[in-house]
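Structure, as structure tokens:
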Amino acid sequence: MYYDPVEALDRDSLEALQVERLKKTVANARKSPFYKERLKDFDLDEITRASDVEKLPFTTKDDLRSQYPYGMLTRPVDEFVRLHASSGTTGTPTAIFYTQRDIDRWADLMARSMYCCGCRRSDVLQNTSGYGLFTGGLGIHYGSERLGMLTIPAGAGNTKRQIKLIRDFNVTVLHIIPSFALYFAQRVREEGFDPAEMPWRIALIGAEPHSEEVRRKIEETMHIKCYNSYGMSELNGPGVAFECQHQKGMHVWEDAYIAEIIDPETGRPVPEGEVGELVMTTITREGMPLIRYRTRDLTRFIPGQCECGRTHRRIDRITGRADDMIILKGVNIYPMQVEQCLMAMPEVGHNYLIELFTEGVSDQLKVKVEIKDEYFVEDMRVLQGLQKKIAKTLCNEILLTPRVELVQHDSIPKSEGKAVRVVDNRRK
Ligand code: AMP
Ligand code: ZN
0 MYYDPVEALD
10 RDSLEALQVE
20 RLKKTVANAR
30 KSPFYKERLK
40 DFDLDEITRA
50 SDVEKLPFTT
60 KDDLRSQYPY
70 GMLTRPVDEF
80 VRLHASSGTT
90 GTPTAIFYTQ
100 RDIDRWADLM
110 ARSMYCCGCR
120 RSDVLQNTSG
130 YGLFTGGLGI
140 HYGSERLGML
150 TIPAGAGNTK
160 RQIKLIRDFN
170 VTVLHIIPSF
180 ALYFAQRVRE
190 EGFDPAEMPW
200 RIALIGAEPH
210 SEEVRRKIEE
220 TMHIKCYNSY
230 GMSELNGPGV
240 AFECQHQKGM
250 HVWEDAYIAE
260 IIDPETGRPV
270 PEGEVGELVM
280 TTITREGMPL
290 IRYRTRDLTR
300 FIPGQCECGR
310 THRRIDRITG
320 RADDMIILKG
330 VNIYPMQVEQ
340 CLMAMPEVGH
350 NYLIELFTEG
360 VSDQLKVKVE
370 IKDEYFVEDM
380 RVLQGLQKKI
390 AKTLCNEILL
400 TPRVELVQHD
410 SIPKSEGKAV
420 RVVDNRRK
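Heads up, the sequence shown is in numbering that gives the first Met the number 0, so the first residue is 0 and it goes up one at a time.
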């Protein structure tokens, strides 16, 4: 039983569909200022198989930044109905635009994803993602409604109210990030309830890397089944790849995306089954198509067929990043954002260190900051004021409040060679 028969389409027909859609995508992409230039020498007749996508140039996040705000659009702005954006206020953000058809197709992919792991229209879904520019809010929301589930847009935080809503309205499906799920189970117990007696049965977890052990831990402590959900704003948001009930990797929806896994150094495809960088081409998006987008996420194709009968290939859980992006509590942070903020402050010296660690059940970020001698005064209140100011400035940029530790000039050990800016001591 599938949400859409295309999920079990035989591979030959699926490839034929991809070829047809890829050609349309290239022709359409050329209507945008960016691809008009980038693809000017490309001959559409070069595409006869899906793997011919390799003949096209890559698109990177820097390309998106350089085209901010409208350079990637294939049509006038008044034909768009939605915008999402990545975090970051000092660096140029990346903005993603959707036409009404793009929103509809995204909702369909999301509904399919949820159906695939066992959600049905009789379920009640509570979305604990923040709503706003993050796609985990509205993306999940629209998909859930499309499937016909009663949808509760609880948003992030306020666990006490979350628990009440879950109990009062018999929530059976939770959308929750893994790091919050571990904390949530503890809060449920603190409120005097037994997680085993909560009405939930399915958790859609994603947005940040997590191990199989963490999944099992959430399943055991919450008495729930967890399904891995993969996506990114550049590719719509969630609903790009999703686990089915067999929990053996995530099916990439290949009627909507052409997926490749490449060696991030050489740009060449890796041998089947080996880990590399996921590269994605959108083949159903009309407003802002992306060709060979470098996701920087590392994963591999899982060889063989899934027992569920779906023919769309599966990717393994994301094992890391090809760049230095940190994901903490579902929020993406680049060390460079922290650096830019700190270096713009007159009190800050040359060196800093970002430390990630686990405290209880939640992950934390601490920034050690060297302070120039003239500001490193004896008055505690002055220092505390400075500490708060740094925390607030960083929070405006990275959207999380870090712990800040002020240290004396030259006290952070210098590494030989490339500076070590991030120490990750999180419990894996
Ligand atoms: P955003 O564009 O803010 O939604 O962030 C997208 C990024 O979150 C991806 O490129 C991944 O690095 C990460 N991500 C999303 N889903 C997962 C997942 N299921 N497992 C691991 N990382 C994920
Ligand atoms: Zn499957």
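We put the CB at the ideal spot given by N, CA and C, even for glycine.
So which of the options has the shortest CA-CA distance to residue i?
i	options	result
F375	A180, L355, P345, V52	P345
Y130	D122, G154, R120, L124	G154
A343	V419, G248, T392	T392
V421	Y292, P198, L173, Q336	Q336
D44	R37, K23, T59	K23
V172	S178, T265, T127, A418	T127
I314	V251, L355, Y351, A110	V251
Q244	G191, G117, T400	G117
K39	R48, N27, E219, S50	N27
I95	Y67, A110, P75, D77	Y67
D296	D51, F133, I389, P208	P208
G125	R10, L132, L137, E358	With the sequence shown as reference, residue 125 is identified as Gln, and Gly is not the correct amino acid for it. Closest option to Q125, Cα to Cα, is L137.
M221	P268, P177, H349, S50	P177
V406	A390, D372, R425, L398	D372
T59	W105, R37, A195, D193	R37
I2	Y114, E14, E253	Residue 2 is actually Tyr in this sequence, not Ile. The candidate whose alpha carbon is nearest that of Y2 is Y114.
F183	E259, G156, Y226, A390	G156
R428	K328, P334, R267	Since the first and last residues shown for the chain are 0 and 427, residue 428 lies out of range.
A84	E377, D254, G236	G236
I201	S112, A258, M279	S112
R293	E259, G272, G319, T310	E259
T318	E264, G248, T265, S361	G248
I223	R215, Y229, G230	R215
R20	K365, H408, I290, K367	I290
What is the DSSP secondary structure of residue i, reduced to helix, strand or coil?
i	result
D61	helix
I223	coil
V419	coil
Q407	strand
E212	helix
F375	coil
N169	coil
M109	helix
L327	strand
V269	coil
F192	coil
V274	coil
M249	strand
A155	coil
E384	The question names Glu, but residue 384 in the sequence shown is Gly. Note: G384 maps to helix in three-state DSSP.
I46	coil
R320	strand
D103	helix
T73	coil
L164	helix
K413	coil
Y2	coil
M335	helix
So residue i is in the beta strand (DSSP E); what residue range does that whole segment cover?
i	result
F356	347 to 358
E233	Segment: none, E233 is in no beta strand (DSSP E) and carries neither H nor E.
F96	94 to 98
T150	149 to 151
Where do the N-terminal and C-terminal ends of the alpha helix (DSSP H) with residue i fall, by residue?
i	result
K39	Here K39 belongs to no alpha helix (DSSP H), and DSSP marks it neither H nor E.
S143	134 to 146
E285	Taken as a continuous stretch (DSSP letters only), E285 belongs to no alpha helix (DSSP H), as it is neither H nor E.
N27	10 to 28
V330	Element bounds for V330: not the alpha helix (DSSP H) but the beta strand (DSSP E), 330 to 332.
Based on DSSP bridge pairs, tell me the residues matched to residue i.
i	result
P68	Partner(s): none; P68 has no beta bridge.
M279	A258, Y292
F300	I314
F402	With the sequence shown as reference, residue 402 is identified as Arg, and Phe is not the correct amino acid for it. Per DSSP, K365.
E264	Per DSSP, none; premise fails for E264.
A202	L173, C225
F79	T98
N126	H174
N424	F356
E242	M249
I370	V347, Q407
A84	A94
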